[in-house]
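*Asks:* One line per chain: the protein sequences are G and B, in this order. If you're matching positions, the first sequence starts at 1 in this note's numbering and goes up one per residue. If you're matching positions, the second sequence starts at 107 in this note's numbering and goes up one per residue. Glycine included, each C-beta is placed from N, C-alpha and C at the ideal position.
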Amino acid sequence: MIPLDHVIGLSAVLFGFGVIGVLVRRNLIVMLMSVELMLNAANLAFVAFNRLWPGTDASPILDGQVFVLLVITIAAAEVAVGLGILLALFRNRDSVDPEEASLLKW
Amino acid sequence: MVTGGTEFDLLRWIPLAPLLAAALHGVLLVVVRRTVSQWVTVAISCGAVTVSFVISCAAFARLVQLPDESRLLVDHIYTWIGAGVGSQAFSTELAFQFDPLSAVMTLVVSGVGALIHFYSWGYMEVDEREDKGFQRFFCYMNLFSFAMLLLVLADNLVLMFVGWEGVGLCSYLLIGFWYSDRDNAYAGSKAFIVNRIGDLAFIVGLLLLFWMLADAGHPTVGFQDIERYFAQIADVTLDLPGWLPGGPSYRAVNVVGLCLFIGACGKSAQIPLYVWLPDAMAGPTPVSALIHAATMVTAGVYLVCRMSFLYAVAPEASEVIAWTGALTATLGAVLALVQTDIKKVLAYSTMSQLGFMFVAVGCGAYAAAMFHLATHAFMKALLFLAAGSVILAMQHEQNIDAMGGLRRRIPRTRWTFLIGALALSGALPFAGFFSKDEILVAAYGAEVAGGRWFYWLMLATAGLTALYLFRLYFQVFSGKSRVKRELRDRMEDPPGSMVVPLYALSVLAIFAGLAGFPQAWGDLSWVDIEESNSFANFLAPVLAGTVREPLAHEIEYRLTLRAVLAAITGTGLAWWLYLQRPTWPGKISSSFRRLHRVLVAKFWIDEIYGVLLVRPLVAISDRLLYRGIDAWLIDGLLVNGVARGVRALAANGLRYVQSGLIQAYMFLMLVGAVAIVALLMR
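(1) Taking only beta carbons into account, state which residues of the stretch 50-76 of chain G come closer than 7 Å to chain B, listed in chain order.
(2) Specify the secondary structure class of B/Asp507 as computed by DSSP and reduced to three states.
(3) Measure from the alpha carbon of B/Leu200 to the alpha carbon of each residue in B/Val419, B/Arg118 and B/Phe224, then state which is nearest.
(4) Please classify B/Trp270 as buried or exposed, where buried requires at least 16 other C-beta atoms within 10 Å of its C-beta.
(5) Run through the stretch 490-571 of chain B for me and flag every whole alpha helix (DSSP H) of 4 or more residues, listed as ranges in chain order.
(6) Do B/Leu546 and B/Met564 come within 9 Å of each other at the CB atom, strictly closer than that value?
(7) Return the first residue and the last residue of the beta strand (DSSP E) that B/Glu199 is part of.
(8) What does a CB cutoff of less than 8 Å around B/Phe477 pick up in its chain, not counting 5 residues either side in sequence?
(9) Answer with yes or no whether the minimum CB distance from G/Ala45 to chain B is below 9 Å.
(10) Apart from the five residues just before and just after B/Ala439, which ones in its own chain have a Cβ nearer than 7 Å to its Cβ?
(11) Could you list the residues in the stretch 744-769 of chain B with a C-beta less than 8 Å from some C-beta on chain G, going in chain order?
(12) If you draw a straight line from the C-alpha of B/Phe244 to the C-alpha of B/Pro121, how long is it?
(13) Can the beta-carbon of B/Ala529 be found closer than 9 Å to that of B/Thr481?
(14) Can you say whether B/Trp429 is buried or exposed, counting buried as having 16 or more other CB atoms within 10 angstroms of its CB?
(15) Between the Cα of B/Met604 and the Cα atoms of B/Arg139, B/Met230 and B/Phe114, which residue gives the shortest distance?
(16) Give a yes or no on contact between the stretch 361-378 of chain B and the stretch 314-321 of chain B, applying the rule of three or more CB pairs nearer than 8 Å.
(17) Considering only C-alpha positions, which residue in the set G/Arg26, G/Met38 and G/Val30 is nearest to G/Glu100?
(18) Measuring only between beta-carbons, confirm whether G/Pro3 sits less than 9 Å from chain B.
(19) Does the contact criterion of 3 or more C-beta pairs under 8 Å hold for the stretch 383-402 of chain B versus the stretch 415-425 of chain B?
(20) Could you list which residues in chain G have their beta carbon closer than 7 Å to that of B/Phe772, in chain order?
(21) Given a threshold of 16 other Cβ atoms within 10 Å of its Cβ, counted over all protein chains shown, does B/Asp205 qualify as buried or as exposed?
(22) Between which two residues does the alpha helix (DSSP H) carrying B/His182 extend?
(23) I'd like to know if B/Leu786 contacts chain G, where contact means its C-beta is closer than 9 Å to some C-beta of that chain.
(24) Which residue's Cα is closest to the Cα of B/Leu346: B/Ala340, B/Ile339 and B/Pro354?
(25) Taking C-alpha atoms, which residue in B/Gly282, B/Met463 and B/Leu213 lies nearest to B/Ala548?
(26) Out of B/Gln686, B/Leu744 and B/Ala127, which has the shortest C-alpha to C-alpha gap to B/Arg242?
(27) Once you ignore the five residues that flank B/Ala475 on each side, which residues in its own chain have a CB closer than 7 Å to its CB?
(28) So what does DSSP say about G/Ser4, is it helix, strand or coil?
(29) With DSSP as the reference, label B/Leu442 as helix, strand or coil.
(30) At which residues does the alpha helix (DSSP H) containing B/Thr666 begin and terminate?
(31) Comparing C-alpha positions only, which one of B/Asp305, B/Pro647 and B/Ala779 sits nearest to B/Val170?
(32) What is the DSSP secondary structure of B/Asp305, reduced to helix, strand or coil?
(33) Output the residue ranges of the alpha helix (DSSP H) runs that lie fully inside the stretch 337-373 of chain B and measure 4 residues or longer, sorted by chain position.
(34) Using the Cβ count rule (16 or more neighbours within 10 Å means buried), how would you classify B/Tyr225?
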């Protein structure tokens with residue numbers, strides 16, 4: 001069996017990639033993908049911890065796995081909204097650079 | 107002390123009727139905004155006060171049926187303030203009590219009040235200076251009646267204080283009734299502000315008393331309860347700052363007594379807070395009669411009598427009261443001698459008579475004070491209303507130098523005024539004789555500093571009373587007419603609605619004194635000794651009063667003789683000076699020019715107060731409190747300054763945080779999240 005440390009480590013690395021991607025890339029599509037990466041890193045952590053405390057056969061603990069399903073659902077919705085905004089931005093600015101959408105400021 | 111009260115549910119309607127009338131006037135004035143006919147206004151106002159008077163009479167009839175020791179009617183409406191539990195429970199009730207003391211006050215206030223309301227109808231009708239003020243006037247008058255009745259019926263000090271403030275407010279409103287004249291508005295403000303000084307002392311006294319009672323385990327403000335538990339705090343001492351004379355340890359009852367008395371000083375125009383009363387004559391004459399002669403100004407005397415159990419064991423405070431009263435009585439009488447405004451003479455006279463009442467309470471003769479309070483209310487209301495008739499006939503001329511010889515022009519006014527003057531100066535069968543005689547007897551036996559001098563001073567003041575009243579009478583009604591020719595032929599007595607109250611008050615001024623028929627005279631006449639002085643007997647259960655050996659009858663007769671002689675001397679002197687030798691007063695005043703000037707200037711008390719108190723106060727209020735603290739510190743620094751600071755900070759620095767760059771926000775969010783996690787894992 002793969003030890004927990006490894007799985008959590010992988011999750012952390014994936015999360016870090018996601019954060020860096022969101023912060024430094026200038027392309028909204030890639031940023032959205034990075035957000036997905038972070039979410040999936042979290043998913044990985046959920047299932048890993050669920051595996052650590054599986055409960056008994058009579059009463060299994062499924063919280064982590066259920067959470068993952070929820071996160072996937074929400075991620076789908078988030079992507080749909082995000083892509084919608086992205087499309088609207090592209091139509092108006094001919095670009096997918098988030099800096100093009102920085103009018104809402106002082 | 108009276109124990110156990112009988113429920114009497116009508117009691118609440120005594121103050122409530124005028125309040126409802128005032129509220130109705132208010133609604134008509136402010137919400138409906140349509141002129142109602144004078145008939146309706148008068149019907150509402152006079153009707154309400156008459157209802158009060160009728161209920162008071164009913165309550166009085168009920169009260170006298172009860173045995174002496176349980177003469178107390180109560181009407182509990184609801185608990186106004188409730189706090190604490192168990193032995194520390196404290197409650198202030200909205201409740202009324204009607205004991206002999208309240209009964210006297212209530213009957214005087216509602217009775218004289220009703221008469222004056224009727225009189226005001228005619229007086230304000232012919233007044234053309236401010237046509238729209240008719241209903242406003244009656245609104246304020248009703249509001250005043252409510253507050254005054256609340257004051258005298260309240261069963262605890264806090265509720266009484268509500269009435270106390272209410273009458274002050276109405277006094278202010280009515281003094282400045284003709285507010286378009288700036289001086290009238292100032293006079294109203296002066297009365298209000300001077301009264302505030304007294305009120306502060308009243309509150310301090312009230313809180314001290316409550317504090318001591320709470321310390322003794324009986325937190326209460328109800329009169330009955332205070333009296334019941336008073337014995338437990340009678341010997342408490344207080345430590346006050348050492349620079350006060352006689353300190354540093356004081357008997358608390360003296361301190362409380364003096365604080366309450368200072369409050370009474372403000373309301374009842376005693377030295378040093380009397381300065382507002384003469385100026386209060388700026389109001390319409392019925393107001394002067396009702397508020398500044400018959401009712402409100404006597405509230406201070408009522409307060410002291412109400413707390414008589416306290417003053418009875420506070421001899422030092424009582425002595426201060428006696429001397430303050432004596433000096434005020436003398437000062438008022440002396441100043442009344444040189445005034446030329448008919449109302450101001452009466453105002454100083456009121457001050458002087460109030461001084462007499464305080465002399466009585468200071469000497470422990472609380473019943474005598476209440477007696478003089480009642481008869482004085484009749485007599486002075488009569489004098490003021492008669493003066494009002496004179497003023498109307500003179501078309502608002504108030505200077506007595508421009509009057510003279512009015513007795514043929516306005517005979518009814520003249521006769522009623524004469525009755526009032528005779529009664530107040532102490533002519534034999536009239537009311538003022540009996541009440542003033544009682545006070546002089548009390549002053550004779552009083553144990554105050556100065557001993558007999560105190561009595562002689564009061565006797566001389568009684569003589570002066572006759573002198574200034576008959577000076578006024580002769581100047582106005584006798585001698586050669588100094589009235590302007592075009593006015594002289596058009597003068598006439600007021601209409602019936604105004605004369606009837608004058609007659610009613612004349613009857614009272616003549617016969618009210620018989621209620622206090624001196625006990626010493628009992629064996630002289632058909633009156634049973636036990637039954638004589640029924641007034642004092644009636645009040646005896648509720649007034650503490652120091653028990654003193656009654657004076658020997660020969661002494662009382664001698665005192666009475668002296669009082670009569672003083673009154674006759676004063677009257678005769680006035681007759682001699684102002685009728686027989688009309689040029690003499692002018693000669694006398696010019697040969698004593700210095701003294702005369704001092705008197706006309708009223709000892710420059712107003713000016714001295716102005717320099718010593720008013721101007722520094724105004725300067726402090728204006729420079730420090732208003733411009734310094736209010737405008738600069740609070741408005742400038744704390745409110746606007748903070749706002750300006752935040753705006754400057756945001757405009758120059760914080761706004762750049764709002765970059766509009768989504769990634770910048772995310773970065774900040776990350777920093778924040780990391781910081782929180784770091785904090786949690788610390």
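*Replies:* Put simply:
(1) none
(2) helix
(3) B/Arg118
(4) buried
(5) 517-531 and 537-551
(6) yes
(7) Phe196 to Phe204
(8) Phe540, Ser541, Glu544, Ala621, Gly622, Phe641 and Ala642
(9) With 9 Å as the cut-off, G/Ala45 does not count as an interface residue toward chain B.
(10) Ser458, Thr567, Leu570, Thr571 and Tyr574
(11) Arg761, Tyr762, Gln764, Ser765, Gly766, Leu767, Ile768 and Gln769
(12) 16 Å
(13) yes
(14) Counting Cβ neighbours within 10 Å, B/Trp429 comes out buried, since at least 16 surround it.
(15) For B/Met604, the closest of B/Arg139, B/Met230 and B/Phe114 by C-alpha to C-alpha distance is B/Met230.
(16) yes
(17) G/Arg26
(18) Taking Cβ atoms only, chain B never reaches closer than 9 Å to G/Pro3, which makes this a no.
(19) no
(20) According to the sequence shown, residue 772 of chain B is Met rather than Phe. Val22 and Leu23, listed in chain order.
(21) buried
(22) Here B/His182 belongs to no alpha helix (DSSP H); instead the beta strand (DSSP E) covers Leu179 to Ala189.
(23) No - not a single Cβ of chain G is within 9 Å of the one on B/Leu786.
(24) The shortest CA-to-CA distance from B/Leu346 to any of B/Ala340, B/Ile339 and B/Pro354 is the one to B/Pro354.
(25) B/Met463
(26) Comparing Cα positions, the closest option is B/Ala127.
(27) Val407, Cys411, Met463, Ala466 and Val467, listed in sequence order.
(28) Correcting the residue type first, residue 4 of chain G is Leu in the shown sequence and not Ser. DSSP places G/Leu4 in helix when its eight states are reduced to three.
(29) Looking at the sequence provided, one finds Ala at residue 442 of chain B rather than Leu. Here B/Ala442 sits in helix by DSSP.
(30) Counting along the chain, the unbroken alpha helix (DSSP H) around B/Thr666 starts and ends at His659 to Trp681.
(31) B/Pro647
(32) B/Asp305 falls in the helix class under three-state DSSP.
(33) none
(34) buried
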